[in-house]
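S.K.: The opening residue of the sequence shown carries number 611 in this note's numbering; numbering runs sequentially from there. Glycine included, each C-beta is placed from N, C-alpha and C at the ideal position.
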Amino acid sequence: VQLQASGGGLVQAGGSLRLSCAASGSTFSINVIAWYRQAPGKQRDLVASISRSGSASYADSVKGRFTISRDNAKSTVALQMNSLKPEDTAVYYCNAEVPPRREYWGQGTLVTVSS
611 VQLQASGGGL VQAGGSLRLS CAASGSTFSI NVIAWYRQAP GKQRDLVASI SRSGSASYAD
671 SVKGRFTISR DNAKSTVALQ MNSLKPEDTA VYYCNAEVPP RREYWGQGTL VTVSS
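#1: Rounded to the nearest angstrom, what separates Thr699 and Leu720 at their Cα positions?
#2: So is Ala683 buried or exposed if we call it buried at 16+ other beta carbons inside 10 Å?
#3: Indicate the three-state DSSP secondary structure (helix, strand or coil) for Asp681 in the structure shown.
#4: Under 8 Å: do the segment 628 to 639 and the segment 659 to 675 share three or more Cβ pairs, one atom per stretch?
#5: Touching or not, the segment 704 to 714 and the segment 636 to 651, by the rule of three or more beta carbon pairs under 8 Å?
#6: Please report the straight-line C-alpha distance between Leu694 and Gly618, rounded to a whole angstrom.
#7: As a quick exercise: from Pro650, Ser639 and Leu689, pick the residue whose alpha carbon is nearest that of Ala669.
#8: For Val723 versus Ala623, is the C-beta spacing smaller than 7 Å?
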């Protein structure tokens with residue numbers, strides 16, 4: 611499985627960005643796809659995840675502002691980010707879980723939110 615993340619950029623606080631993660635390879639084996647983020651000097655944290663059936667979950671810090679969606683036919687996952695805050699600034703990574711215990715990472719895309 612290979613993951614390609616895109617859509618990052620510079621945006622002012624209150625603005626929106628849409629990240630996309632395109633999977634290739636054995637995409638039929640992917641169960642959960644998630645977005646993580648890592649700010650400078652901090653650990654990588656889970657932002658949102660979505661199962662193959664479409665069940666989504668979010669970190670408390672992004673609930674109500676971010677929406678994760680998945681298109682199994684196109685093997686893509688999107689993260690719509692609205693009402694962005696400076697504290698959302700980070701490198702965002704997509705992650706795919708393949709049962710029973712494998713996981714794959716994309717290369718990361720930088721999101722910068724200016725105040």
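M.R.: Reading it off the structure:
#1: On the sequence shown, residue 699 is found 89 positions in, with the first residue counted as 1. On the sequence shown, residue 720 is found 110 positions in, with the first residue counted as 1. Distance between the alpha carbons of Thr699 and Leu720: 8 Å.
#2: Here residue 683 is taken as the residue at index 73 of the sequence shown, counted from 1. With fewer than 16 Cβ atoms within 10 Å of its Cβ, Ala683 is classed as exposed.
#3: The sequence position of residue 681 within the sequence shown is 71, counting from 1. In the structure shown, Asp681 sits in a strand (DSSP, three-state: E or B).
#4: no
#5: yes
#6: Sequence index remark: in the sequence shown, residue 694 carries index 84 (1-based). Sequence index remark: in the sequence shown, residue 618 carries index 8 (1-based). Whole-angstrom Cα-Cα distance: 12 Å.
#7: The residue given as residue 669 occupies position 59 in the sequence shown. Closest option to Ala669, Cα to Cα, is Leu689.
#8: Your numbering for residue 723 matches position 113 in the sequence shown. Your numbering for residue 623 matches position 13 in the sequence shown. Yes, the Cβ-Cβ distance between Val723 and Ala623 is below 7 Å.
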